[in-house]
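The block underneath contains the structure these notes are about, expressed in structure tokens.
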Amino acid sequence: GREDADGTATVERLTQKTEPPRLYQVLLLNDDFTPMEFVVMVLQEYFRHDLDTATQIMLKIHHDGRGVCGVFSKDVAATKVELVLAAARRAGHPLQCIMEAA
Ligand code: TYC
Numbered sequence: 002g003r004e005d006a007d008g009t010a011t012v013e014r015l016t017q018k019t020e021p022p023r024l025y026q027v028l029l030l031n032d033d034f035t036p037m038e039f040v041v042m043v044l045q046e047y048f049r050h051d052l053d054t055a056t057q058i059m060l061k062i063h064h065d066g067r068g069v070c071g072v073f074s075k076d077v078a079a080t081k082v083e084l085v086l087a088a089a090r091r092a093g094h095p096l097q098c099i100m101e102a103a
């Protein structure tokens with residue numbers, strides 16, 4: 002706060018202007034070639050899902066065409082996408098991984 006010309010105190014509040022960080026979904030897309038076991042491995046190793054959850058997410062993608070692996074800050078989501086794509090290409094699979102604003 003500050004003191005006015007007459008000596009009285011004035012309390013001021015600074016406007017809070019920083020926005021909360023945006024969140025991004027990381028998704029896997031279905032294709033006809035990537036083995037189901039590879040997708041389950043990706044969901045376990047890169048997104049820390051247990052075997053049961055990873056299998057459920059993989060089957061959801063297989064049936065619906067896409068599915069959410071997790072929700073992250075922008076930089077973490079971008080890193081997950083790059084790591085998953087690198088692992089898929091290294092293994093010779095066409096698996097697609099994308100991020101979308103949540
Ligand atoms: N459709 C693939 C198959 O039948 C399995 C698969 C699931 C591939 C999820 C990609 O994101 C994916 N082998």
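Here our numbering is used: the first residue of the sequence shown is 2, the next is one more, and so on.
Backbone N, C-alpha and C define an ideal beta-carbon position, used for all residues, glycine too.
**Request:** Work out the CA separation of Asp65 and Leu28 for me, nearest whole Å.
**Result:** Taking the CA atoms as reference points, Leu28 sits about 12 Å from Asp65.
**Request:** Would you tell me roughly how many angstroms separate the C-alpha atoms of Ala88 and Thr16, rounded to the nearest one?
**Result:** 45 Å
**Item:** beta strand (DSSP E) runs contained entirely in the segment 16-91, provided each spans 3 or more residues
**Value:** 24-30, 67-74
**Prompt:** How would you write the range of the beta strand (DSSP E) that Ala102 sits in, first residue to last?
**Reply:** 97-102
**Message:** What does the Cβ neighbour count give for Lys81, buried or exposed, with the cut at 16 atoms within 10 Å?
**Reply:** buried
**Prompt:** If you draw a straight line from the alpha carbon of Gly71 to that of Thr19, how long is it in whole angstroms?
**Reply:** 25 Å
**Request:** Considering only heavy atoms of the ligand TYC, list every residue whose Cβ is less than 7 Å from one of them, following chain order.
**Result:** Leu29, Leu30, Asn31, Asp32, Asp33, Phe34, Thr35, Pro36, Met37, Val40, Met59, Ile62, His63, Leu96
**Asked** Cα-Cα, which of Val85, Glu38, Val69 is closest to Tyr47?
**Response** Val85
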